[in-house]
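Here's the structure we're looking at; comments come further down.
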């Protein structure tokens, strides 16, 4: 059964024979031309693409595409998509390089698309079209549809009289090849249908002697009703015209324009910037506008208007120029007989059109190169976003309404409006709130006077300076479209006006009108059905002035908020860790024998928590905590008369009032939320609910924002807990979603549910699967994450990245995902090994490792690249947990570890003992075992005889276990020397009891004293006369206290690297004449140069002697390779390739002469200089020399891979382009190098 075609959105198709896209600038120009047509599906013919091009061309295009490859000189077709609505179900490609097909599902309608490039031979074309006909039928069998679009360069004229000039015929003469294909597929030549007797051609010879219409669209009859237009238009850099097909929905009301967003590129335009500065000054001085708020609102209006007009003017100028050229060309093409003058004019106009796009392409190329120099292969949003999967642009095309899937935009808009209007509609009850606060007001702490005064103080301009400087650039703006980039650029001009407007808002106790507005974007929750509104997370886009204001308030609030938020809340506060919540629950599972009760953990789920908390409840909460009136007024402003709308695929729904809920996307919102939900903790803690009794310590609640866990003594506490939470819910607006609440028993439980809440054996809590089965935990939390990392890294392998980029990605895309589970869970050694193997193999592209892992992980100055060994990273995470434990051992989070380790004298004592984990008299979880293993690895005991601990000693054992006697420890008896007399002999029992005022039994004393090895006793006795008073070791690493702030990740990493991989990296003989500081400088200085990562990689490989020259590959891998590709006579060593070959020598000499022309007294470079760089007294000359050496080395490397001999003219062109790129980078190093290169003539 075929689908019913309903175009819900306008879709455009574009086809163009490119005549080859191998040359990079031409390709960029053609891509710019194609995207400029604003088509969704672009058919390209004669791409000359090969399989090796796919990766880079796809990156350059920036969206989905399908290829059928030709050779580097002929054929090849591609379908490229540009913000195309829908998804792709299937694609097929011709092995003979002449067609590519796919099936597009848009608005639940299937469309078969086929791009064709015909042969220059009738028989081959006949076979080709027969093959395409078969493909269409096969696709229709799998994906039934009446909607087919076939387009491209067919090399077949439909009518030999109308579509060819000059023609052999004087009347209509249908081409039988075309006719048979059209009849067989039931497709219609849509351009000819709309242009009955018009003679217009899509291809011509340069001299105009032959023209034909061989590029066209064939569509099925069902599509005709939606055809808005089909156009033939000139294109650049080809002898073919482009053809365009636009389909339009019958529903004309679906056309919309999204919210305007300021284009940050405009900030580069001096004319624009000057006009904005003048505008600000004019409005500031305009006495007719008599209030700061009116001035600010009017200024924003004028900024928007000016920016749009300026952008349109630039775009219009460009388009008008292009349009005039195309119009002139099309007028000339409309003539059948061209004069010589017209031929010359056609060639001139075509060249002008070509130049327009080549110029734009070069500009885009330079901007792209500059951006890559600045942010490429670094941990930046720019780099990380390169591999983000393309999301479907129309995010809400389908919605489940009343149990059925709906695609009607009007119904979707209405449903969304109704859903969110109701969601944000207040259900506030003054009676419930008053009753609630009456019950708990005596338990609510009050902030101190100093914090209250800080929050109530008048706002200062310096606070706003700090706020704008700390805000990230390139973030989505609110409805007014003015971005953070704009504010930062004009801040000095804007700030006084904005500051005055804010102060007027505060005085009037009301936000400006535009600050009250928001636009909500709906983000699908991972792994959930996005067709259900309940699975979409609303993020509010707010105007930048609003965000600046709330940033200031949030900064104030952070100063003292921790004093009123319970330690059991881990959300949104500095120094509080989500891992603590997870470890607490895992400790209860691992050490459940400590819980004598039939305990339960109740995991709460509040329905739309952030969207349902009542505004008045938030304000009253702040008042009860003692905040002053001035701060309360500012908070109240944020929620007075505010409104939002939902951004949809076709515009927005109507605006609605937001009467409750915090705006997700606002700086202060998370802090307001945790202050309000602190009252839940206060309510539960002071209720009659019986929590877990952990060795006489009460454990009842833990929170991370709204993620709340209640710890219950037994099942009878469940209804009491639910009733208590309901009291809070009735006041706050937060309602439990009982369907998503879960119970987990501390011990085994036979119940599958209690009080309609399921009892689970495994629960996903804060992203970690909690389960009592270790194997399941490893698989779900670690192995599955590792598998995802592998998949992600493999996808990145398609990109041509350097060592630097791949190392960065192991950190960003692999290790960063593993940090989270590793902080809370023990990682088995086999998995650690697998993760290291995955990451280091990725670094070397799953090929041979040219440098050992031990060298690669070293710091730059040591010759490494700071790669991360996962074993070291896991060790750092475990030691960081230990540091947190030592600093906060009385916190609730460390309640259970404290109880466990107190059985052996406490964690501080244990850490300085000579223990062996397997011999400790306590049973430890795998996590705590791994913590101690890493500590043992790092801590150097070096016990002297007088300091040998008696307890937790791996050689003082009773029945195979070390010992600890708490009573003795309280008397400070912890060393073997403490139970020795003045002669170094073990004390008699009576003397021991007398010395320490104890009543130790004979059995206990015998057990301890007789298990001390005789060898140890004799060693101590032999040195006893010189033994000082025993002292416990300090918990230090390399003389630094473990809890010291300086004992950070960097310190721990360096410490662990030196333990696991001692010694230096292998020094090459090239460094024999340099001292340590010079070697360090050589290894690091180039990293800060304003050059692309690929340049740096070539330099790194030459300094490490691992550049893959033919000789290197022959020696290392026994490959049989040719001599130097340039001179053909000499073996290609690294030295020969970069220095010794005559052609290369001449290149260096020409470069040296050029530099001498501006900077005299620079010696000609040796190969050692070329290999590792130069060190000169004149640091400016050194900077210039080293940069141009590396740039030239990369140029030589590039020529080698292209098998193209280097030339001085080509190098000068490279340097010229590079100089232009530097001009676009506003960084000191780039400015400095650009200034130097500006002095050279590269013509």
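Numbering (the working numbering), first residue to last: 32 to 1274. Heads up, the beta-carbon is just placed ideally off N, CA and C, and yes, glycines get one too.
- Excluding its 5 nearest sequence neighbours in each direction, residue 62 has C-beta neighbours in its own chain below 7 Å: 91, 92, listed in chain order.
- Counting the other Cβ atoms within 10 Å of the Cβ of residue 544 gives fewer than 16, which makes it exposed.
- Of the other Cβ atoms in all chains shown, fewer than 16 fall within 10 Å of the Cβ of residue 256; this residue is therefore exposed.
- If you compare the alpha carbons of 582, 929, 639, 82 with that of residue 567, the shortest gap goes to 639.
- Of all alpha-carbon atoms in 1024, 890, 1048, the one lying nearest the alpha-carbon of residue 1014 is that of 1048.
- The DSSP-derived three-state label of residue 218 is strand.
- For residue 793, the enclosing beta strand (DSSP E) begins and ends at 793-796.
- In this structure, residue 786 sits away from residue 741, with a CB-CB distance that is not shorter than 8 Å.
- Minimum Cα-Cα distance from residue 804 among the listed residues 277, 792, 648, 379 corresponds to 792.
- Collapsing the DSSP output to three states places residue 1155 in coil.
- Between residue 1210 and residue 1156 a beta carbon distance of about 37 Å is seen, past the 8 Å cut, so the two are scored as non-contacting.
- Under DSSP, residue 235 shares a beta bridge with 242.
- Take the alpha-carbon of residue 879 and the one of residue 887: they are about 14 Å apart.
- Collapsing the DSSP output to three states places residue 800 in a strand.
- Short of 8 Å from the beta carbon of residue 1042, and not among the five residues preceding or following it, lie these beta carbons of its own chain, in chain order: 987, 988, 989, 994.
- In the structure shown, residue 1060 falls within a coil segment according to DSSP collapsed to helix, strand and coil.
- Distances from the CA of residue 108 to each of 132, 94, 86 were compared; the closest alpha carbon is that of 132.
- The segment 911-928 and the segment 864-871 do not touch, with fewer than three beta-carbon pairs separated by less than 8 Å.
- Note that the segment 121-138 touches the segment 98-108; at least 3 beta-carbon pairs, one per stretch, sit closer than 8 Å.
- DSSP lists 573, 675 as the bridge partner or partners of residue 549.
- Here residue 638 is bridged, per DSSP, to 766.
- Rounded to the nearest whole angstrom, the CA to CA distance from residue 525 to residue 542 is 18 Å.
- Setting aside the 5 residues that flank it on each side, residue 991 is surrounded in the same chain by 950, each with a C-beta closer than 8 Å to its C-beta; the list follows chain order.
- The beta carbon of residue 952 is closer than 8 Å to those of 934, 935, 992, 993, 994, 995 in its chain, skipping five residues each way along the sequence.
- Under the three-pair Cβ rule at 8 Å, the segment 292-299 counts as touching the segment 508-516.
- Secondary-structure assignment with DSSP links residue 197 through no beta bridge to anything.
- When secondary structure is reduced to three states using DSSP, residue 342 falls in the helix class.
- In summary, residue 745 is exposed, with fewer than 16 beta-carbon neighbours lying within 10 Å of its beta-carbon over all protein chains present.
- Measuring C-alpha to C-alpha distances from residue 1163 to each of 120, 1176, 1144 identifies 1144 as the nearest.
- Taking C-alpha positions only, residue 340 is separated from residue 87 by approximately 36 Å.
- If you draw a straight line from the Cα of residue 829 to the Cα of residue 659, it comes to about 58 Å.
- Distances from the CA of residue 617 to each of 603, 1092, 632, 946 were compared; the closest alpha carbon is that of 632.
- Of all C-beta pairs linking the segment 674-685 to the segment 442-457, three or more are shorter than 8 Å, placing the two stretches in contact.
- Non-local beta-carbon contacts of residue 436 in its own chain, meaning distances under 7 Å to residues more than five positions away in sequence, involve 429, 562 in chain order.
- If you draw a 10 Å sphere on the C-beta of residue 584, you find 16 or more other C-beta atoms in it, and that means buried.
- About 7 Å separates the CB atoms of residue 688 and residue 455; that is less than 8 Å, so the two are in contact.
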